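**Student:** Note that the UniProt record's numbering has the sequence shown beginning at 1, numbered continuously upward. Cβ coordinates follow ideal geometry from the N, Cα and C atoms, glycine included. Owing to the predicted nature of the structure, the values given are computational and were not obtained by experimental measurement. Shown below is the structure under consideration.
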Amino acid sequence: MSRVRQPPLVTGISPNEGTSWTKVTIRGENLGTGPADLIGLSICGHNCLLTAEWMSASKIVCRVGPAKDDKGEIIVTTKSGGHGTSTVSFKLLKAEKIGILDQSAVWVDEMNYYDMRTDRYKGISPLSLRPSNPLGIDFDKGKVPLKDLEALFPGVSGEFTSENFSATWYLIENHSVTSFDQLRMAASNLKKQATKKNEGSLAYVKGGLSTFFEAQDALAAIHQRLESDGTERVEGSMTQRLENVLNRASDTADTLFQEVLGRKDKADSTRNALNVLQRFKFLFNLPLNIERNIQKGDYDVVINDYEKAKSLFSNTEVSVFKKVYAEVETRIGALRSLLLDKLLETPSTLHDQKRYIRYLSDLHASGDPAWQCISAQHKWILGLMQNCKEEFINYQRVGLGAIALDLEGDPRPSAFSRIRDTAPLNKGGILHTPRHSTWHYETPQQVQFVEKLSDVVIGQLPNFWKLWISYVNGSLFSETGEKSGQVEKSKKNARQRQNDFKKMIEEVTHLLVKLVRGALLPSTLTELELRLYGGWENKTELTGPWLTQVIHTVRIIFEALVALEIPNDLLQVIQDLLLELRHHCLLVTLHHTADDVKRVAEKEDWVVDNEGITSLPAQFEQCMVLMLQSLKEPMETKPGEVNILQLDQDQASELCVDIIKHEGARKLCERIMKAREQVEKLWKDINKVFINCLEQLSTKTDRDINSSHMSVDLASPNLFSGIQEDFCPTLEQRLLIILSNCQYLEKHTFLNLAEHFEKHGFTGTEKITRVTVHAVKELDESLFDAYIERKSDPIVGSLEPGIYAGHFDWRDCSTPTGVRNYLKEALVNIITVHAEVFTVSKDLVPRVLTRIIEGVAEEMSRLMQCVSSFSKNGAIQARLEIDSLRDAVASYLSSESHASFKQALEVLPQLHNGADKKLLEELLNKFKSSMQLQLTCFQPSNVQPVKR
């Protein structure tokens, strides 16, 4: 079974009131399944099915007919659901009738009206409406959609008044279900109408023939009367009277209708004026709209409206249009001035500058706004840089201290943080310079000034350069500007002003360089330049770390400008400034390092480690390493920079000829080479200062030594546990300690420093290292001779008195019983020296003892050669003592001491008797046995020396 559908239900109508023929939209439920399903629609009791247009099952659009009821329901009837109901109603408003003499604010547009009978809009006068039913039979419209008819009959119409009228369309549309008899009747009606039309004129004349005769008779009578009155006076003639009657009638009519006609004329004028205002309201409202949009900042809207008005009314001949357009031009002129002021206003963003230039270009402003903006920005940047210097100098003069700058957010690590965080060397103490807890924040004003100057240049010059690039490539202009030729004109102007802009960039970079030179390198400026760019009160010279920070800042400026693809020749002055700053930083750092090295001697604590050295070499090495670390950044060679650490004379000459092309290049090159010589001299001075410190330490007397800073680090295993806080070395101990330090410097420290120099890019220091090592060796020899002199002379000098003590005579002596005491005392003294040297450094023992034994052997040889003759017992005694001494110190014999002992033995008579040889051997063994403990120190051993 088919599903029973619900009856239609109307739940809404929009609008819910209106006059006849108002178009309404009906909404509800079950309003039909299609156009064919809709068979009835009434509003307020009037059938509206003819105008109904089915849209969907919930929507129908139609027009309200001339119903009798003022208010009623909306009833929909469908085939599927039957008669429906409504929950809403429609109120029909009565149209007000207007008479010919009634005032009205509206008029009928006769060119577009709605034909109520055919439900169509027509474009003809209502007075010439066509017959409602040309066939004379009832309409019986079928359900053929209009779209299907248009598809079947393209290019024709079912409207019988149309030039493309199609009878087939008309019949299908209006009589698709009409019976054949009815159509035959319609054909008969058409024939009658055609016959009547052909006979219409003649029948009309026949029917009114008597009337024509009567009118003819009346006209003839009037003509006779007029002719009979022709002889009368003109004033009283019938014609005159008729004219007077007609004039009075006309006056009366004028009196009656003058007001009506006046109102009509006024209404026509008003209507025409309203038409003009409505049609050209854009132009009349434009001045006010321009003001409003300017206040809101909608300059794009103003420009678009102006372009439209200009294209329509710029050449108008209508006076009212000319007047209004002149007012528009006045407002646009004021807008041009406003935009130009905003364009030249500083500071401003690059986006705003481009926007205002585009606006002025679209408004066809006179001159070249883009170049005016570039010139204004150039002057403003120069003023900012100069004002920055004046601000710092004024604050410096009034003594208000450092100017607060926004440096806390600077992510760049300073040179101080790198030095501060550097790990100390493993050997020896750490070289520290006491600083205040807030030293990191007490930035010198010159450094703050360079930072501030960097902010100005990096913040403004990139936008300045980008504005010029946009000016060159024509990207400042809109599509309107491109069409009007503004882009080509801009490119042409840019080519002509390229040299002018280059001078602007040069002025900015030169001012930057001279301001930095005035603050940090005043000696590189002339007196006139100092008055312009100097004025700083340099009470103290900046240290190397502060100069490193300045170099870092200037490099950031240079890298930022290089990133903009500014030509290198415009940035050469900044590279030259960087080169001199790096040289200056190197010299200052070397000077300060020399001062630090001088203070190293004051920190000598005379505490030696197992290798026999104090903290002095380590402190010197650490001082040099800290210097190299602080110079790492300024000496680093960035792209486009010169490696000043590898610059020799030939390279400097090539540099002057090839890459430095601006004025003063040769002077700059000479300054570089002079600085190079100063660097080499300072290297030598630093090493010389340290060597002098070593020499002064070795020659200080006991009362000259300041022991207040001496202490023992109990936590360090490399320090002697037996040293007390009041330990004060003797002169001989100081000599040994300095000798040990010299050996360590020669074998380790200078080699380590050479590696550090090479690691940090310092080349060409081999010569300086050789000179320094040679100077250390000379100092070592001098100190060694001094120590040997102090230790060897007493031992050597005691030999001769000891030999001849008790009036001993080699020619008359008793049988030997052993080694005499003088030789034992000499050996004990040598052992004492051995112990003293061994306590400081075991590496010095062979060197010292060998030298002392050479002196002792030489003295023994001399004494033996001075003896004129030996008895047998004297020869045995002499040979016993020489062999005992030689065998005791055999580990430290040199070729010279061997030769001396040999010469001494050759002087002695030879022992031929076996008993004598046996006696000599027994006595020699007895000596070695009795002195075994003392002679142990002279034996080779791998045992490490104990701590003092």
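Give the C-beta separation of SER894 and GLU854 to the nearest angstrom, bearing in mind that I take them to be a contact with Cβ-Cβ under 8 Å.
**Tutor:** 6 Å
**Student:** Classify TYR81 as helix, strand or coil using the three-state DSSP reduction.
**Tutor:** Per the sequence shown, residue 81 should be read as Gly rather than Tyr. DSSP places GLY81 in coil when its eight states are reduced to three.
**Student:** In whole angstroms, what separates the C-alpha of VAL156 from that of TYR170?
**Tutor:** VAL156 and TYR170 have their C-alpha atoms spaced approximately 10 Å apart.
**Student:** Which term fits ASP368, buried or exposed, when burial requires 16 or more other beta carbons within 10 angstroms of its beta carbon?
**Tutor:** Only buried fits ASP368, as 16 or more other CB atoms lie within 10 angstroms of its CB.
**Student:** What does the alpha-carbon distance come out to for the pair SER375 and ASP268?
**Tutor:** 60 Å
**Student:** If you follow the alpha helix (DSSP H) that LEU880 is part of, which residue opens it and which one closes it?
**Tutor:** 872-888
**Student:** Let me know if GLN696 comes out buried or exposed under the rule of 16 or more other beta-carbons within 10 Å of its beta-carbon.
**Tutor:** exposed
**Student:** Would you say PHE620 and PHE558 are within 9 Å of each other, going by their C-beta atoms?
**Tutor:** no
**Student:** In whole angstroms, give me the CA-to-CA distance for GLU291 and LEU335.
**Tutor:** 9 Å
**Student:** With THR87 and ASP140 assumed to form a contact (beta carbons below 8 Å), what rounded beta-carbon distance in angstroms separates them?
**Tutor:** THR87 to ASP140, Cβ: 34 Å. No contact.
**Student:** Less than 8 Å between the CB atoms is what I'm expecting for CYS62 and CYS48, so what's the real figure, rounded?
**Tutor:** 5 Å
**Student:** Using the C-alpha atoms, what's the distance from VAL450 back to THR593?
**Tutor:** 25 Å
**Student:** Exposed or buried, THR589, counting other C-beta atoms within 10 Å across all chains shown (16 or more means buried)?
**Tutor:** THR589 is buried by the Cβ-count criterion.
**Student:** Who are LYS71's beta bridge partners in DSSP?
**Tutor:** LYS91
**Student:** Compute the beta-carbon to beta-carbon distance between PHE313 and LEU283, rounded to the nearest angstrom, for a pair I have assumed lies under 8 Å.
**Tutor:** The C-beta separation of PHE313 from LEU283 comes to about 6 Å, placing the pair in contact by the 8 Å criterion.
**Student:** If you pair each beta-carbon of the stretch 559-577 with each one of the stretch 500-520, do three or more pairs fall below 8 Å?
**Tutor:** yes
**Student:** Do you know how far the Cα of ALA618 is from the Cα of SER437?
**Tutor:** With a pLDDT of 40 at SER437, under the threshold of 50, the predicted position of this residue should be treated as unreliable, and no value is reported.
**Student:** Whole angstroms is fine: what's the gap from ARG130's alpha carbon to GLU159's?
**Tutor:** Residue placement at ARG130 is poorly supported in this model, since its pLDDT is 49, which falls under 50; the coordinates are not used for a value here.
**Student:** Should THR85 and PRO8 be called a contact, given that it needs their Cβ atoms to be closer than 9 Å?
**Tutor:** yes
**Student:** In the DSSP assignment, what residue or residues form a beta bridge with ARG27?
**Tutor:** Beta-bridge pairing links ARG27 to GLY12, LYS59.
**Student:** How long is the line joining the alpha carbons of ASP148 and ALA194, rounded to whole angstroms?
**Tutor:** 32 Å
**Student:** So what's GLY333 in DSSP terms, helix, strand or just coil?
**Tutor:** Helix.
**Student:** Kindly list the residues whose CB is nearer than 8 Å to the CB of GLU859, restricted to its own chain and excluding five residues on each side of it in sequence; keep chain order.
**Tutor:** Within the same chain, Cβ atoms closer than 8 Å to the Cβ of GLU859 are found at VAL796, LEU799, GLU800, the five residues on either side in sequence being excluded.
**Student:** LEU38 lies in the beta strand (DSSP E); which residues open and close that run?
**Tutor:** 38-43
**Student:** Residues in the same chain with beta-carbon distance under 6 Å from ASP69, minus the five sequence neighbours each way, listed in chain order, please.
**Tutor:** CYS44, GLY45
**Student:** Run through DSSP, which three-state label would SER86 get?
**Tutor:** strand
**Student:** Who are the Cβ neighbours of ALA786 in its own chain at under 7 Å, not counting the five residues just before and after it?
**Tutor:** LEU735
**Student:** With C-beta atoms as the reference, is LEU547 less than 9 Å away from LEU520?
**Tutor:** yes
**Student:** What are the uninterrupted segments assigned as alpha helix (DSSP H) that are 4 or more residues long and contained completely in the stretch 294-361, given in chain order?
**Tutor:** 299-313, 319-344
**Student:** Quick check: the Cα distance between ILE13 and ALA167, rounded to an integer number of angstroms?
**Tutor:** About 38 Å.
**Student:** Could you say which of PHE808, VAL833, HIS760 lies nearest to ASP793 if we only look at CA atoms?
**Tutor:** Of the listed residues, the one whose Cα sits closest to ASP793 is VAL833.
**Student:** Which residues in the same chain as THR118 place their Cβ atom closer than 6 Å to its Cβ, once the five residues preceding and following it in sequence are excluded?
**Tutor:** The pLDDT assigned to THR118 is 48, lower than 50, so where the model puts this residue is not dependable, and the model offers no usable value.
**Student:** Indicate whether LEU935 and ALA888 have their beta-carbon atoms separated by less than 9 Å.
**Tutor:** The Cβ-Cβ distance between LEU935 and ALA888 falls below 9 Å.
**Student:** Assess, as a yes-or-no matter, whether the stretch 835-844 is touched by the stretch 878-887 under the definition of 3 or more beta carbon pairs within less than 8 Å.
**Tutor:** In the pairwise beta carbon analysis, the stretch 878-887 is classified as not touching the stretch 835-844: fewer than three pairs are separated by under 8 Å.
**Student:** Just list the residues that DSSP pairs VAL64 with in beta bridges.
**Tutor:** DSSP lists no partner for VAL64.
**Student:** Rank GLU746, THR543, TRP468 by C-alpha distance to the C-alpha of SER490 and give the top, closest one.
**Tutor:** TRP468
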